[in-house]
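Asker: I have a structure I would like to understand better, so I am pasting it below and will then ask my questions one at a time.
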Amino acid sequence: MLLPTFDFHEPVSVNEACEIMGTYGAKAKLIAGGTDLMVNMKKKILAPEHLVCLGRIGAMNSIAEDGDHIVIGGGYTVAELTVDSLVEKKLSALQSGAKSLGSPLVRNRATIAGNIGSARPAADLPPSLIAYGATAVLESCRGKREIALNDFFKGPGFTEIDVDEILTEVRVPVPADGQGAGYINLGVRKAQDCNVVNVASFIALDNKDGSIKQARIVMGSVGPTPLRAESAEATLIGEKPDEAIFLKAGQAARRDCTPIDDFRGAASYRKAMVGILTKRTLEIAHRRAIGS
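Each residue of the sequence shown is one higher than the one before, counting from 1 in full-length UniProt numbering.
Encoded structure:
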């Protein structure tokens with residue numbers, strides 16, 4: 001299938017890209033890896049008059065530890081996340097999500113901003129990023145703003161990004177001692193398939209008695225956006241981490257999700273798997289929190 005006609009722009013700085021988006025607004029689309037956009041354009045779902053390529057903006061293709069945050073440029077590819085030593089050491093749940101995403105060909109092209117900005121309910125990166133407490137940095141000619149990823153998604157394909165804004169970077173708090181996270185996805189196949197269920201869990205332990213003082217559990221593929229399992233999180237607070245409390249949290253998480261039936265799996269199956277994956281990701285998070 002042929003692509004619709006469009007004008008192609010290739011800015012070399014964020015400011016230049018913002019000026020272009022400010023000029024054309026809804027008539028323009030940003031492209032980095034293009035793994036979603038090109039498919040939708042070929043299917044005639046989208047027909048932007050202007051494409052704004054972000055590939056030459058070096059500032060968006062980096063990762064660095066900045067004080068108590070790890071700052072990941074929006075153009076950083078999923079493949080780079082899978083092998084980055086900083087991600088492996090401090091954001092292992094994010095790396096697990098990156099390794100689960102698509103195939104090697106897709107990972108080589110897909111970017112962190114694209115995976116977030118596409119707002120797919122089954123996307124691999126948002127659950128772990130939300131679990132870590134990440135925020136998205138949005139830039140336009142009007143200035144820069146930061147929004148928690150927990151509040152970023154509005155529905156399938158819809159986010160808080162305005163038509164003239166660019167998701168330039170993702171800021172993730174550096175996990176402290178006694179904190180850990182885990183991520184697991186479940187699909188029909190290992191690659192090039194949409195997740196049936198995916199779950200990320202984060203816990204922070206009290207350094208005095210080892211009890212759980214903070215918990216975030218994020219479920220994907222079981223609602224219109226990544227969902228927080230709030231009653232499951234409440235179940236954990238103040239408790240000593242063990243198999244019984246993780247199992248109880250998993251049972252609570254089943255009540256927090258709103259899956260649908262489709263050809264990949266029944267809603268009842270998804271609910272059951274949410275319980276299992278919640279328990280398993282909490283066990284991973286606990287092991288990482290205690291440094292084992």
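Ideal Cβ positions, reconstructed from N, Cα and C, are used throughout, including at glycine.
1. In the DSSP assignment, find the beta strand (DSSP E) that holds S140 and state where it starts and stops.
2. Tell me whether G196 is buried or exposed, calling it buried when 16 or more other Cβ atoms sit within 10 Å of its Cβ.
3. Would you call the segment 30–47 in contact with the segment 109–129, where contact means no fewer than 3 C-beta pairs closer than 8 Å?
4. Can we say the segment 254–261 touches the segment 178–189, given the rule of at least three CB pairs closer than 8 Å?
5. Whole angstroms are fine: how far does the CA of C18 sit from the CA of L247?
6. Starting from the C-beta of P156, find all residues in its chain whose C-beta is less than 8 Å away, skip the five residues before and the five after it, and write them out in chain order.
7. Specify, as a first and last residue, the run of the alpha helix (DSSP H) that F8 falls within.
8. Output needed for D68: all residues of its chain with C-beta closer than 7 Å, excluding positions within five of it in sequence on either side, in chain order.
9. So what does DSSP say about S201, is it helix, strand or coil?
10. Do the segment 71–79 and the segment 99–112 make contact, defined as three or more Cβ pairs closer than 8 Å?
11. Among T5, G55, L51 and T135, which residue has its Cα nearest to the Cα of V12?
12. What are the residues that DSSP puts in a beta bridge with K144?
13. Considering Cα atoms alone, identify which of V137, K42 and T278 is closest to E230.
14. Is there contact between the segment 227–246 and the segment 206–215, where contact requires at least three CB pairs shorter than 8 Å?
15. Might you give, ordered along the chain, the residues of its own chain that have their beta carbon closer than 8 Å to the beta carbon of I57, omitting 5 neighbours on each side?
16. Taking the straight line between their C-alpha atoms, what separation do you get for E243 and L282?
17. Give me, in chain order, the residues of the same chain whose beta-carbon lies closer than 6 Å to that of G250; leave out the 5 immediate sequence neighbours on both sides.
18. Is I72 near G182, with beta carbons less than 7 Å apart?
19. Once DSSP output is grouped into helix, strand and coil, what is the label at E239?
20. Taking the C-alpha atoms as reference points, what is the distance between M21 and V52?
21. Within the chosen definition, does the segment 88–100 reach the segment 23–30 through at least 3 CB pairs nearer than 8 Å?
22. Counting along the chain, where does the beta strand (DSSP E) carrying K213 start and finish?
23. Should F8 be labelled buried (16 or more other beta-carbon atoms within 10 Å of its own) or exposed?
Answerer: Taking the definition as stated:
1. Per DSSP, S140 belongs to the beta strand (DSSP E) from T135 to S140.
2. In the sequence on display, residue 196 carries Val and not Gly. V196 is buried by the Cβ-count criterion.
3. By the Cβ rule, the segment 30–47 counts as touching the segment 109–129, because three or more pairs are nearer than 8 Å.
4. When Cβ pairs closer than 8 Å are counted between the two stretches, the segment 254–261 is seen not to touch the segment 178–189, the count staying below three.
5. In a straight line, the C-alpha of L247 is about 48 Å away from that of C18.
6. For P156, where only same-chain residues beyond five positions count, the Cβ hits under 8 Å are A119, R120, P121, P224 and T225.
7. Judged by DSSP secondary structure, F8 falls outside any alpha helix (DSSP H) and instead within the beta strand (DSSP E) spanning D7 to H9.
8. Within the same chain, P173 and V174 come within 7 Å of D68 by CB-CB distance, once the 5 residues on both sides are set aside.
9. Here S201 sits in strand by DSSP.
10. Contact holds between the segment 71–79 and the segment 99–112, because three or more Cβ pairs, one in each stretch, are under 8 Å apart.
11. Considering only alpha carbons, the answer is G55.
12. Partner residues in the beta bridge of K144, as assigned by DSSP, are E139.
13. The candidate whose alpha carbon is nearest that of E230 is T278.
14. The answer is yes - the segment 206–215 touches the segment 227–246, with three or more Cβ pairs under 8 Å.
15. Cβ neighbours of I57 beyond the five flanking positions: P11, V12, S13, V14, A17 and G75.
16. The straight-line gap from Cα to Cα measures roughly 9 Å.
17. When the five nearest sequence neighbours on each side are left out, the beta carbons in the same chain lying within less than 6 Å of the beta carbon of G250 are those of G275, T278 and K279, in order along the chain.
18. No, Cβ-Cβ distance for I72 and G182 is not below 7 Å.
19. Coil, per DSSP.
20. Answer to the nearest angstrom: the Cα atoms are 8 Å apart.
21. In this structure the segment 88–100 does not touch the segment 23–30; the number of beta carbon pairs closer than 8 Å is below three.
22. Taken as a continuous stretch (DSSP letters only), the beta strand (DSSP E) holding K213 covers I212 to G220.
23. Counting C-beta atoms within 10 angstroms of its own C-beta, F8 has fewer than 16 neighbours from the protein chains shown and is therefore classed as exposed.
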